[in-house]
Amino acid sequence: MRIYHINIQSRRLLRLITSEDIAAALVRTTVVLGLALALFAMLAPRNIYSQATIEEGPAAQQNVGGQNSNNQNANNQNISNGNSANNEARNPAEWSNLAQRSQRLARESGFRDFEVDVLHSEITVSLNRLINDPEIPTLPAYENEEQRAAVYADRLAHAVAPRIVKGETADGTGFFRIMLREDLAYGTEPRPSRYLIRTHCYLFFESAEQTDPHAEDEPGNANSRGTTNNTIEIDRQAPRSLRLKRIMFQYYLVNYSGVEYRREIRRLTHPGPFPVEGTAGDWTAPRESVENVGADSREQTDGEASDSSLVDNSELQLEYYQQPADVRPAWEGVDGVPVPELAMQPEYRLRLGNQNSGIPFERQIRILQNYKDMLRIVDRIVHKRRRSYELERDIIIQTMTEFPL
Numbered sequence: 003m004r005i006y007h008i009n010i011q012s013r014r015l016l017r018l019i020t021s022e023d024i025a026a027a028l029v030r031t032t033v034v035l036g037l038a039l040a041l042f043a044m045l046a047p048r049n050i051y052s053q054a055t056i057e058e059g060p061a062a063q064q065n066v067g068g069q070n071s072n073n074q075n076a077n078n079q080n081i082s083n084g085n086s087a088n089n090e091a092r093n094p095a096e097w098s099n100l101a102q103r104s105q106r107l108a109r110e111s112g113f114r115d116f117e118v119d120v121l122h123s124e125i126t127v128s129l130n131r132l133i134n135d136p137e138i139p140t141l142p143a144y145e146n147e148e149q150r151a152a153v154y155a156d157r158l159a160h161a162v163a164p165r166i167v168k169g170e171t172a173d174g175t176g177f178f179r180i181m182l183r184e185d186l187a188y189g190t191e192p193r194p195s196r197y198l199i200r201t202h203c204y205l206f207f208e209s210a211e212q213t214d215p216h217a218e219d220e221p222g223n224a225n226s227r228g229t230t231n232n233t234i235e236i237d238r239q240a241p242r243s244l245r246l247k248r249i250m251f252q253y254y255l256v257n258y259s260g261v262e263y264r265r266e267i268r269r270l271t272h273p274g275p276f277p278v279e280g281t282a283g284d285w286t287a288p289r290e291s292v293e294n295v296g297a298d299s300r301e302q303t304d305g306e307a308s309d310s311s312l313v314d315n316s317e318l319q320l321e322y323y324q325q326p327a328d329v330r331p332a333w334e335g336v337d338g339v340p341v342p343e344l345a346m347q348p349e350y351r352l353r354l355g356n357q358n359s360g361i362p363f364e365r366q367i368r369i370l371q372n373y374k375d376m377l378r379i380v381d382r383i384v385h386k387r388r389r390s391y392e393l394e395r396d397i398i399i400q401t402m403t404e405f406p407l
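For the sequence shown, our numbering gives the first residue as 3, with consecutive numbering after it.
Here is the structure:
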């Protein structure tokens, strides 16, 4: 009979080992094994899970892996051979000829751009709605200093200038003036200077029915705006048939610090003509005319537009005016913004498609891109105002047609 003696220290160790310690050890072991399997799966080649590996074992796995590596090497060799062949076939002189050909075709086509035409058409659609908006103020005519002071007092009272105003030129052409920016600007060329800048967009339009869109409202006039004795006739809020005549972006800068003090006017004008809705090959038709072919009216229609159906943008014109700041600004209108038609001639005039101007092709593309970016901003502004006007009109109609019983 053997007697086992367990000392006091061993008994203490046995008492410390509990079921929780065993469970924790099992959990740690499981986690370590899981991490090891995950690491092995990440480092293992992907083809070990192929069907050939499952059916035929390690030998098939080795064959498939070798075949994939051979195919990859062959593909890399073919790509490198093709690139070297293309590089050898197209030398720097040929690349230069291709670039010159692309530039020549762009200039001969008039820098036509599909997105520019779509923006023109969408802006036209919004103008046909906003012409009936009674909330858009009309720009008063400048006659004397008292009226000018009254306009400034009204601006100060409202603490903000209206974003969109309507007006007319001296020859009766209607326009919408959209404020884009009024704040400080900083220039670095030819020297650092600060400016007070006022940026506006003028959208000149004409009526397709050859009627005056700004005719006075008369009780029996079917083409009136729908206001008689300050009463809005909702049934007369039908879209007007207007079309764009000219688009002009105007930058008015006043340099009040630096070496020279001057006033500058920079203008970017698109004289048109713009396509008329309903003409053959017209891809710039308003979105309402293409809603039946697409779910979203703001998406482009299927198909491609030919170059002959797009607007010629080579007539984009840049003008630069300058006068000392101490000269009375005779070109300013009643609210301090230069009038659309200036009495003086510009110091410099530049046309985008003029071949004798010597403008680099990169600069021409940049001018067209800037014009496109500004058109996007104008389209967002007029589209938002149009939706707001239509929503208010629908709310009024819903309110008027509800009769509590």
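From the three backbone atoms N, C-alpha and C, an ideal C-beta is built for every residue, glycine too.
Looking at the DSSP output, Ser209 shares a beta bridge with Leu244. Secondary structure note for Thr403: it is in no beta strand (DSSP E), with a DSSP letter that is neither H nor E. The beta carbon of Gly189 sits closer than 7 Å to those of Ser195, Tyr197, all from its chain and outside the five residues before and after it, given in chain order. Assigned with DSSP and collapsed to three states, Asp328 falls in coil, not helix or strand.
Closest option to Arg245, judged by alpha-carbon separation, among Thr403, His122, Glu22: His122. Contact between Ile379 and Leu182 is confirmed by a C-beta separation of about 6 Å, below the 8 Å threshold. In the assembly as shown, Gly176 is a buried residue. Its beta-carbon has 16 or more other beta-carbons within 10 Å.
Setting aside the 5 residues that flank it on each side, Arg264 is surrounded in the same chain by Asn257, Gln324, Gln325, Pro326, Ala327, each with a C-beta closer than 7 Å to its C-beta; the list follows chain order. With a cutoff of 8 Å on beta-carbon distance, Tyr322 and Glu349 are scored as near each other. Judged by their CB atoms, Cys203 and Phe276 are not nearer to each other than the 8 Å cut-off.
Residue environment for Ser359: exposed (fewer than 16 other C-beta atoms within 10 angstroms of its C-beta). Scanning its chain for C-beta atoms nearer than 6 Å, with the 5 sequence neighbours on each side dropped, one finds no residue around Ala345.
Straight-line measurement puts the Cα of Lys247 at about 13 Å from the Cα of Gly174. Here Ile249 is buried. Its C-beta has 16 or more other C-beta atoms within 10 Å. With contacts defined by Cβ atoms closer than 8 Å, Gln319 and Pro273 form a contacting pair.
Taking 8 Å as the cut-off, the beta carbon of Ala163 is found closer than this to the beta carbon of Glu184. Taking the Cα positions, Val118 is about 13 Å away from Ile367.
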